[in-house]
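To start, the structure under review is shown below, and the notes come after it.
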Amino acid sequence: MPQRPLLPSSPPSFPPSLMSCVSSYALHGVNNKGVNKTMNAPHTHSPTVAVAVSGGVDSLCAVVMLHNAGFRVLALHGLFLPDGPTVAPAGLAEACATLGIPLHVADLREAFQREVLNPFAAAYAQGRTPNPCAYCNRAIKFGVLLDTALALGADKLATGHYARLVPGPDAPTDAGEDETSETYPLLAAAADAAKDQSYFLSLVPRQRLSRALFPLYGQNKEQTRAIVAAAGLAVPLPSESQDICFAPPTAQAGISAAEAYRPFLERHWQAAGTIAPGPGPVLLLDAAGNKREIAQHKGLWRYTEGQRKGLGIAHTEPLFVLTKDSATNTLVVGPRALLGIRTCVTGPANIALPPHLWPDRLLVRLRHRQRPCPASVQVEDACLRIVLDEPQFPTAPGQVAAVYDEEGRVLTAGVVEEMA
RNA sequence: UGGGAUGUAGCCAAGUGGUAAGGCAACGGGUUUUGGCUCCGUCAUUCGAAGGUUCGAACCCUUCCAUCCCAG
14 MPQRPLLPSS
24 PPSFPPSLMS
34 CVSSYALHGV
44 NNKGVNKTMN
54 APHTHSPTVA
64 VAVSGGVDSL
74 CAVVMLHNAG
84 FRVLALHGLF
94 LPDGPTVAPA
104 GLAEACATLG
114 IPLHVADLRE
124 AFQREVLNPF
134 AAAYAQGRTP
144 NPCAYCNRAI
154 KFGVLLDTAL
164 ALGADKLATG
174 HYARLVPGPD
184 APTDAGEDET
194 SETYPLLAAA
204 ADAAKDQSYF
214 LSLVPRQRLS
224 RALFPLYGQN
234 KEQTRAIVAA
244 AGLAVPLPSE
254 SQDICFAPPT
264 AQAGISAAEA
274 YRPFLERHWQ
284 AAGTIAPGPG
294 PVLLLDAAGN
304 KREIAQHKGL
314 WRYTEGQRKG
324 LGIAHTEPLF
334 VLTKDSATNT
344 LVVGPRALLG
354 IRTCVTGPAN
364 IALPPHLWPD
374 RLLVRLRHRQ
384 RPCPASVQVE
394 DACLRIVLDE
404 PQFPTAPGQV
414 AAVYDEEGRV
424 LTAGVVEEMA
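If you're matching positions, the first sequence starts at 14 in my numbering and goes up one per residue.
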């Protein structure tokens, strides 16, 4: 399959120039007269940037960079987890105090429950495989958290995401002079392809991104750590927790990190009175198209398309989940050769750029860290119909399909409904 | 009840006298702001059982046990 790097492979030299940060589109608009007028910002020369801070090194780096660049910065920590702490991490307040910037704490637990946790559990109960990070970015970080930032008087909300904002081809060429038109940026992949998080941000509407700032867009993790260290700050939450944030692995019970979401779901369903889907047959599909029952599954929600580990079926070769049939409560498994998908259809898409402005050659990402693969995409009733040039490892209903151009810009994205 | 065949790890399976391959599964770890994929590591002092031959046996001999097939 054609291999074309989405982005330059070599990261920018260290240390990243703050000038480039300021002059890039990532910060473009902060000094835009029109935007400030819209926002009624009192000091047009000193825009205020709120930074969403978790306590991790990335968001802290964003604070440092913007602070060093001379912006008025306020730190904003959102409380998300229903059973989590009700105050910001201790070290975070300390770090903000060191820099002399205010720290606000927003209690967003109710919204997080409503917009992320409940849909997450509901999707699994339906046999889907949701992407909570994508929903969180759309509804929480660039939803209610952004609203909170604006209400606090900020012009922008910066986060520690590794993603880029670039002017879209449909943007007015001289937005600064045109006070009536808003300049909506396009989301694009970060410079460091290994850390790029544009996939998780691809459902955020473009209007919302016009208030976003991603200072880390051009650097890698090493540089991020170095910047924070150079500022003399200790990272409040040093561990790089990469799993589902609301379903941490339980130290006891031998639950591995990867399986932590299952106990979470069981607790959630029990509390909600939902009956978890039960056991059923596992059918083995062979190359000849024959099916035969070879095992029992423990509930379809425990499996996802393309899954290998955890099937517990000893066979002459590795078996993967091919399809899940909720109607018959059947799991179909088979050898790797039978896995590929060629098409998928999404629900209503977040269309960043009108389809008539799309280039001929499109690339699609069906999962985080996948090299975008060539495909053709059609918009039908605001939904995406994606036909891949080459068969790809399957995604799953509930996952995000993001469409890029060759420059790494996100043109549109949607949640997968069907695939074949 | 005769005749034939087969018994190697949880499953499949190589190995016919020289000191137990490999695959699957499982478990542990790496990677990762989702699930999944992927990568690395661990996993039979022992070859259905008991005797015998041999310097040496999963391999040869004897008996027993178990399973499968064909007859009846």
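Glycine included, each C-beta is placed from N, C-alpha and C at the ideal position. The structure presented is a predicted model; accordingly, all values stated were derived computationally and were not measured.
On the three-state DSSP scale, how would you describe residue i?
i	result
Ile240	helix
Leu121	coil
Ile153	helix
Arg374	coil
Val70	helix
Lys208	coil
Phe102	Going by the sequence as given, residue 102 is Pro instead of Phe. Coil at Pro102, not helix or strand.
Glu272	helix
Gly91	strand
Val217	coil
Val77	helix
Asp160	helix
Asn448	The structure shown does not extend to residue 448, since the chain is modelled only from 14 through 433, so no value can be given for it.
Pro28	Residue placement at Pro28 is flagged as unreliable, the pLDDT there being 34, under the threshold of 50; the coordinate-derived value follows with that caveat. The answer is coil: DSSP assigns Pro28 none of H, G, I, E or B.
His56	Because His56 sits at a pLDDT of 43, beneath the cut-off of 50, its placement in the model cannot be relied upon, and the following sentence gives the value as read from the coordinates. Coil, per DSSP.
Thr425	strand
Arg280	helix
Pro145	helix
Arg384	coil
Val129	helix
Arg224	coil
Ala350	helix
Glu430	strand
Thr445	The question about residue 445 has no answer, for the chain in this structure spans 14 to 433.
Cys396	strand
Cys109	helix
Ala260	coil
Pro368	helix
Tyr197	coil
Ala138	helix
Glu419	coil
Gly97	coil
Leu401	strand
Leu116	strand
Thr408	coil
Leu379	coil
Can you check whether the CB of residue j is closer than 9 Å to the CB of residue i?
i	j	result
Thr287	Ala134	yes
Gly13	Cys396	Limits of the chain in this structure are 14 at one end and 433 at the other, which puts residue 13 out of reach.
Pro331	Leu313	no
His174	Asp71	yes
Met78	Leu222	no
Arg122	Leu92	yes
Ala409	Ile399	no
Pro407	Ile354	yes
Val118	Leu159	no
Ser211	Ala176	yes
Val429	Gln412	yes
Val416	Leu375	yes
Phe125	Phe259	yes
Ser339	Gly83	no
Val86	Ala63	yes
Pro249	Pro372	no
Arg321	Pro218	no
Cys357	Ala433	yes
Pro198	Pro182	no
His381	Phe213	yes
I think residue i touches residue j, with their Cβ atoms under 8 Å apart; what is that distance to the nearest whole Å?
i	j	result
Ile307	Leu297	5 Å
Arg315	Phe333	Contact doesn't hold; Cβ gap of about 15 Å is too wide.
Val423	Leu401	Going by Cβ atoms, the distance from Val423 to Leu401 rounds to 18 Å, so no, they are not a contact pair.
Glu419	Ala201	That belief does not hold up - the Cβ atoms of Glu419 and Ala201 are roughly 11 Å apart, past 8 Å.
Leu351	Leu366	Their Cβ separation, rounded to whole angstroms, is 36 Å, which puts Leu351 and Leu366 out of contact at 8 Å.
Asp205	Asn233	4 Å
Quick check: does the Cβ of residue i come within less than 8 Å of any heavy atom belonging to the ligand GDP?
i	result
Thr287	For the structure depicted, the ligand GDP is absent and the ligand set is empty, with no information on it obtainable.
Mind pulling the beta strand (DSSP E) runs of 3 or more residues that sit fully within the stretch 282-347?
As far as the stretch 282-347 is concerned, its whole beta strand (DSSP E) runs of at least 3 residues are 293-298, 304-310, 333-338 and 343-347.
Report yes or no: do the stretch 108-117 and the stretch 146-159 share at least 3 C-beta pairs separated by less than 8 Å?
No: the two stretches stay apart, fewer than three of their Cβ pairs being nearer than 8 Å.
Are the stretch 317-331 and the stretch 157-175 touching, with three or more C-beta to C-beta distances below 8 Å?
Taking 8 Å as the limit for Cβ pairs, the verdict is that the stretch 157-175 does not touch the stretch 317-331.
Touch check for the stretch 84-98 and the stretch 239-254: three-plus C-beta pairs under 8 Å?
Touching, no.
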